[in-house]
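The structure appears below as structure tokens.
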Amino acid sequence: MVLASSCPICEQTISPTSQHCTVCGFPTALAIEGLRSIETTPAPATAEPAAPAAPRRGSRALSSQAELTSRISRDLRAKMQIVRDLGRSLPDATNELCQAALGEAEGREGEALETLRTAQERLERELDELLDQRLSSLIGRRDTLLKQGVRLALGPDLDRVAEELEASHREEAADRLRETERRLDQLESDWKGLQGLLVQIEGLRKEAAELGLPLGEISGEIEQIRERLSEPRLTEEGLDSLAQDAAQALMLLHEAIPSSLEEELHRHGKALERFPDEHAPSAVARRIHVEASRHLKKGRLPEALQSVRDLRAQIEMLRQSARDAPPIPEPLAGPEPEEAETLDALLRKARTLAGRVRTLPPDSETAREAAIEIRSATEALRTRDLLTADDILARLMRLLSAAPPEA
3 MVLASSCPIC EQTISPTSQH CTVCGFPTAL AIEGLRSIET TPAPATAEPA
53 APAAPRRGSR ALSSQAELTS RISRDLRAKM QIVRDLGRSL PDATNELCQA
103 ALGEAEGREG EALETLRTAQ ERLERELDEL LDQRLSSLIG RRDTLLKQGV
153 RLALGPDLDR VAEELEASHR EEAADRLRET ERRLDQLESD WKGLQGLLVQ
203 IEGLRKEAAE LGLPLGEISG EIEQIRERLS EPRLTEEGLD SLAQDAAQAL
253 MLLHEAIPSS LEEELHRHGK ALERFPDEHA PSAVARRIHV EASRHLKKGR
303 LPEALQSVRD LRAQIEMLRQ SARDAPPIPE PLAGPEPEEA ETLDALLRKA
353 RTLAGRVRTL PPDSETAREA AIEIRSATEA LRTRDLLTAD DILARLMRLL
403 SAAPPEA
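First residue of the sequence shown? That's 3 in our numbering, and the numbers climb one at a time after it.
Encoded structure:
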């Protein structure tokens, strides 16, 4: 006895003991009969294995009606595959295929053909509606991003999908639709990530500005990112580049702000040391100072910034209420005017000497010593140890003067 190995409709494996396919319900007996017919009269290599019915035993050629039935069957299966590729289970024509296969097996070829034609019209209509809905959803998502200020280069792709749908090129339209959806998914994800970075950057910049903390060139870099967001055609590559620049700006903020906060907390700590331990009004300020230092050490910048703000307010209250307490020096956001001028002059000298260092042969002993001195001077300038920085730069100048001339 010949046993069917797979269903001619859905191609799922059929158990020898089952009376029907467990997926589409096709009768197992008909599947076996179809395979017997194939054994008796071999089909061409290109024959459709899942046509509603196999050629009858002994027949040499398909009738025109059978050929049309087979062609419509293949078209239905192709459209059902488009639906599956779109990630949907409906619309579906499996029931009609089973019904047509059963009718053709019983000799009712005209009825089977009419069943398939009706299913074909319905499936085409429902598939067109599904593709139209997906296209409308894409357009809506694009418009939502446009309202947020993101002009994505998706217009030509969406127009092509509409043109292919108008021409009933459903398979091409579905392929382009899926690719455009994939691109938009990635763009939306990248945009969401970029928005998160910008929120963090803006929050830190605002907090730093309110506290008078210097940010240097970071503010300019943030403005450049904002300007690039308004470009007329933002692609995946452009959005990825913006995300990298935003991550870099956020990293620079995380480097610049802690340095300023550490200096201010150090000054406040020195001021609070002048109060005796039993001085109750200063206890709150000392507690806030400890909290701010802890937040800063653990990298919690928003909390550290808020604690510094609270600490400033508390020290101001101490200054107003504790008339007999030792004076509390006013913490400054930046250096004194004279100190600022000295710092600026030393920075200019350091940049000049660094330029001369770069002209030295890279493998020479002088170049290595000069590089060490430059790093030491930079660290001294960062901590505003201006006397040490001046001594290092003077020593570096003497080293460069004694170096042999550039080849």
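Just so it is clear, CB atoms sit at the ideal spot from N, CA and C, and this is done for glycine as well.
- Unbroken alpha helix (DSSP H) stretches of 4 residues or longer found wholly inside the stretch 91–130: 96–107, given in chain order.
- Of the candidates Ile227, Val152, Glu168, Glu238, Glu238 places its Cα closest to the Cα of arginine 184.
- Taking the Cβ atoms as the reference, leucine 348 lies roughly 16 Å from leucine 402, outside the contact range of under 8 Å.
- Only buried fits glutamine 101, as 16 or more other CB atoms lie within 10 angstroms of its CB.
- Just measuring C-alpha positions, the residue of Ser170, Gln197, Leu160 sitting nearest glutamate 181 is Leu160.
- If you check the CB distance, alanine 68 and glutamate 116 do not come in under 9 Å.
- Taking a C-beta distance under 9 Å as the contact criterion, aspartate 77 and glutamine 122 qualify as a contact pair.
- Between glycine 205 and the set Trp193, Glu190, Ser221, Ala369, the nearest pair of CA atoms involves Ser221.
- The closest CA to that of glutamate 219, considering only Arg230, Ile259, Ser243, Gly240, is found on Ile259.
- In this structure, histidine 291 places its C-beta atom within 9 Å of the C-beta atom of leucine 274.
- The stretch 334–375 contains, as complete alpha helix (DSSP H) runs of 4+ residues, the segments 339–359 (chain order).
- In this structure, the straight-line span from the alpha carbon of lysine 194 to that of leucine 241 is close to 11 Å.
- When DSSP states are grouped into helix, strand and coil, leucine 206 belongs to the helix group.
- For alanine 379 and leucine 254, the gap between their C-alpha atoms comes out near 21 Å.
- If you draw a 10 Å sphere on the C-beta of glutamine 316, you find 16 or more other C-beta atoms in it, and that means buried.
- Beyond the five residues adjoining it in sequence on each side, isoleucine 141 comes within less than 8 Å, by CB distance, of Leu160 in the same chain, given in chain order.
- The three-state secondary structure of lysine 149, taken from DSSP, is helix.
- Per the coordinates, the alpha-carbon of proline 364 lies some 24 Å from the alpha-carbon of alanine 382.
- With contacts defined by Cβ atoms closer than 9 Å, valine 201 and leucine 132 do not form a contacting pair.
- Secondary structure of threonine 385 (DSSP, three-state): coil.
- As the crow flies, the alpha-carbon of arginine 296 is around 12 Å from that of leucine 307.
- Per DSSP, reduced to three states, the secondary structure at serine 170 is coil, with no helix or strand assignment.
- Judged by DSSP in its simplified three-state form, leucine 217 adopts coil rather than helix or strand.
- If the five residues before and after arginine 162 are omitted, its C-beta is found closer than 7 Å to the C-beta atoms of Arg178, all from its own chain and listed in chain order.
- Annotation for serine 261: Arg384 place their beta carbon closer than 8 Å to its own, counting only its chain and skipping 5 residues before and after.
- Separation of the CB atoms of leucine 147 and leucine 137 is rounded to 16 Å, and the pair is thereby denied contact status at 8 Å.
- Under the three-state reduction of DSSP, leucine 244 is assigned to helix.
- Taking the Cα of alanine 287 as reference, the smallest distance to any Cα among Leu267, Leu303, Pro304, Arg302 is reached at Leu267.
- Rounded to the nearest angstrom, the Cβ distance from valine 310 to leucine 263 is 6 Å, consistent with a contact under 8 Å.
- For arginine 302, no alpha helix (DSSP H) run applies, since DSSP gives it neither H nor E.
- If you draw a straight line from the Cα of lysine 81 to the Cα of leucine 129, it comes to about 8 Å.
- Residue range 66–87 is occupied by the alpha helix (DSSP H) that includes glutamate 69.
- Listed in chain order, the non-local C-beta contacts of arginine 230 below 7 Å within the same chain comprise Leu244, local neighbours out to five positions each way being set aside.
- By the beta-carbon neighbour count (other beta carbons within 10 angstroms, threshold 16), alanine 342 is exposed.
- Buried is the label assigned to glutamate 111, since at least 16 other Cβ atoms lie within 10 Å of its Cβ.
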